[in-house]
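Going by my numbering, the sequence shown opens with residue -6, and the numbers climb by one from there. Below is one structure, written out as structure tokens; the observations come after it.
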Amino acid sequence: MRSRNAIIFVLFILIAGGVVAWQVFGGGKPGGLVGAPSQAITITMAYTSDEEDWLKAVTPAFNNSNPKLPSGNTVNIILQPYEDNAALTAIASGSYTPTIWSPASTLWINQLNSKWQAQGNNADLILRSGQYAAAPLVLSPIVFVMWQERADPFVEKYGSADWNTVQQAVTTPNGWAAICGQVKKAACDPNWGPIKYGQTDPRASNSGLAALTLASYSYFSKPGQPKLSDLSSDQLKGAGYNAWVGGLENGVYDFGSDSKQQMTDMIIRGPAQYDVVAIYESLAATQMKNAQGRYGNLKVFYPSVNIYSDHPYGILLQGSTAEQKDAALLFEQYLLSADVQKQALAFGFRPANPDVAVVNNDANNPFNKYKDNGLQARIARTAIATVPNGDIIQQLLTVFGTQVRR
């Protein structure tokens, strides 16, 4: 097998000098580019909605630079937004075959490979190693985002927002009235009603699936000993765990189906809709400025157990030619280049390229601008959990379906 790095290097050299004025897609839908070269190798990239603003900002420059393969054929990328669960279902069934799939997290790649092998295939559809292995594009952990006026009494009562304290809060009878009765320093209004916690539906959206996974890790953690791997089937069958996670998930005030829309709803509707949400750090970072002009500041809390949504770049082994796969490698190298990764910072993402720092001298970098709101450039490696395999993920979803009564 050819060396992945050698191939990418040769391919990328052929597009040196090629970043020119970009051309905007129409509504993020496929076919938005005009004037595709007659000898173009056209490939489709299905992507999660959270990547949209970044990808639409940087992809036209790649297409317009006339990138070439060793054959002399040029490469043309078509972007197609596709929500994670819908893409998983379509790809696994064979009804949809993009060359590239970039869901929000490896959680979805693992599910796809499990479904693929369950159909009698011996190999993964998206590889984990080798030349075409799925690799992270950008990173974003899960955070709790809370309105400052809600965060002050919450922190006085519970110390911090974490999976166990949010679970305690949403299962507390009388909600804010009970909490306000135990708070002495922070302003607290018992008329705020129930604790309005939001997350997306884990059956449809990655941030909700990540929240369910992390809450489960947290339940089995011990003080000073976070559980970061090896969730077992037997653990997920336990009555205590099922009751606890059922209390958390049934305490969700509103399940969204789309992370980006849920964060937008929090900003537009304020604490009447959500007091706190579990959401991507990237979405919190990009909405900070919008919150200030509406319902005040947002406060960000990092849970003690976390997972990076790594936005993997997965090249499907079936459904494309060798030259299309090489075109996909060329585009991957472009997306991981330093200049393009630096642009990802403006959209709240952490670069996957280790040569690009999260903190720099740019005053508009959200990790510089909103550190007083709780954004952290560094997260302890000891807090990052591993992504469960597809079978455990499916069992988590079964627990959710059994426990959530709506």
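Note that the Cβ used here is the ideal one computed from N, Cα and C, for glycine as well. Keep in mind it's a predicted model, so treat the numbers as computed, not measured.
Requested in this report: Taking only the alpha-carbon atoms, compute the straight-line gap between residue 71 and residue 37 and give it to the nearest angstrom.
Outcome: 5 angstroms
Query - For residue 247, the three-state DSSP class (helix, strand or coil) - result: Residue 247: strand per DSSP, three-state reduction.
**Report entry** Runs of alpha helix (DSSP H) wholly within the stretch 305 to 346 (minimum 4 residues, chain order)
**Finding:** Complete alpha helix (DSSP H) runs here, min 4: 315 to 328 and 331 to 338.
**Report entry** For residue 56, three-class secondary structure by DSSP
**Finding:** helix
Query raised in the report: Where does residue 150 land, buried or exposed, given buried means 16+ other C-beta within 10 angstroms?
Result: buried
Query raised in the report: My guess is that residue 66 and residue 34 are in contact by the Cβ rule of under 8 angstroms, so how many angstroms apart are they, rounded?
Result: About 5 angstroms; that satisfies the 8 angstroms criterion.
**Report entry** Terminal residues of the alpha helix (DSSP H) in which residue 147 lies
**Finding:** 141 to 151
Query raised in the report: Counting only runs that start and end within the stretch 149 to 207, where is the beta strand (DSSP E) found for 3 or more residues in a row?
Result: Taking only runs of at least 3 residues, the beta strand (DSSP E) segments lying wholly in the stretch 149 to 207 are 190 to 193.
Report task. Note down the Cα distance separating residue 26 from residue 327, rounded to an integer number of angstroms. Result -> Since pLDDT at residue 26 reaches only 40, below the 50 mark, its modelled position is unreliable, and the value read off the structure follows with that caveat. Those two C-alpha atoms are separated by around 18 angstroms.
Query raised in the report: Who are the Cβ neighbours of residue 179 in its own chain at under 6 angstroms, not counting the five residues just before and after it?
Result: 145, 146 and 149
Query - Local Cβ density within 10 Å of residue 352, reported as buried at 16 or more and exposed below that - result: exposed
Report task. Would you tell me roughly how many angstroms separate the C-alpha atoms of residue 391 and residue 248, rounded to the nearest one? Result -> 17 angstroms
Query raised in the report: DSSP state of residue 216, grouped into three classes?
Result: coil
Query raised in the report: Hey, residue 119 and residue 308: beta-carbon distance below 8 angstroms or not?
Result: yes
**Report entry** Counted within 10 angstroms of its Cβ, other Cβ atoms place residue 43 as buried (16 or more) or exposed
**Finding:** Residue 43 is classed as buried because its beta carbon has at least 16 other beta carbons within 10 Å across all chains shown.
Query - Supposed contact pair residue 135 and residue 203 - C-beta distance, whole angstroms, cut 8 angstroms - result: 5 angstroms
Query raised in the report: Over what stretch of residues does the alpha helix (DSSP H) that includes residue 359 continue unbroken?
Result: Segment 359 to 362, the alpha helix (DSSP H) holding residue 359.
Requested in this report: Please list, in chain order, all residues of the same chain as residue 115 whose beta carbon is under 6 angstroms from its beta carbon, the five residues on each side excluded.
Outcome: none
Report task. Return the residue from the list 275, 263, 110 and 83 that minimises the CA-CA distance to residue 344. Result -> 275
Query raised in the report: Across which residues does DSSP place residue 294 in a beta bridge pair?
Result: 137
**Report entry** 8 angstroms Cβ cutoff met for residue 219 and residue 298
**Finding:** yes
Query - Three-state class that DSSP yields for residue 61 in the structure shown - result: strand
Query raised in the report: Nearest-angstrom Cα distance between residue 16 and residue 53?
Result: With a pLDDT of only 35 at residue 16, under 50, the local geometry of the prediction cannot be trusted, and no value is derived from it.
Query raised in the report: Looking at the structure shown, is residue 373 part of a helix, part of a strand, or coil, going by DSSP?
Result: coil
Report task. Ignoring anything shorter than 4 residues or poking outside the stretch 248 to 279, list the alpha helix (DSSP H) runs there in chain order. Result -> DSSP runs (the alpha helix (DSSP H)) wholly in the stretch 248 to 279: 252 to 262.
Report task. Have a look at residue 47 and residue 319 and give me their C-alpha separation to the nearest angstrom. Result -> 23 angstroms
Query raised in the report: Which whole-angstrom value describes the C-beta separation of residue 273 and residue 302, a residue pair presumed to lie in contact below a C-beta threshold of 8 angstroms?
Result: 6 angstroms
Query raised in the report: Quick one: Cα of residue 245 to Cα of residue 93, how far?
Result: 34 angstroms
Query raised in the report: How many Å lie between residue 100 and residue 384 at the Cα?
Result: Annotation: residue 100 to residue 384 spans about 11 angstroms, alpha carbon to alpha carbon.
Requested in this report: Taking residue 73 as part of the beta strand (DSSP E), name the residues at either end of that continuous run.
Outcome: Start and end: 67 to 74.
Query raised in the report: Rounded to whole angstroms, how far is the Cβ of residue 138 from the Cβ of residue 277, which I believe are closer than 8 angstroms?
Result: 5 angstroms
Query raised in the report: Would you report the Cα separation of residue 292 and residue 253, rounded to the nearest angstrom?
Result: 18 angstroms
Requested in this report: Decide if residue 167 is buried, meaning its Cβ has at least 16 other Cβ atoms within 10 Å, or exposed.
Outcome: exposed
Query raised in the report: Around the Cβ of residue 371, are there at least 16 other Cβ atoms within 10 angstroms (buried) or fewer (exposed)?
Result: exposed
Query raised in the report: Apart from the five residues just before and just after residue 369, which ones in its own chain have a Cβ nearer than 7 angstroms to its Cβ?
Result: 295
Query raised in the report: Per DSSP, what kind of secondary structure is residue 302 in: helix, strand or coil?
Result: strand
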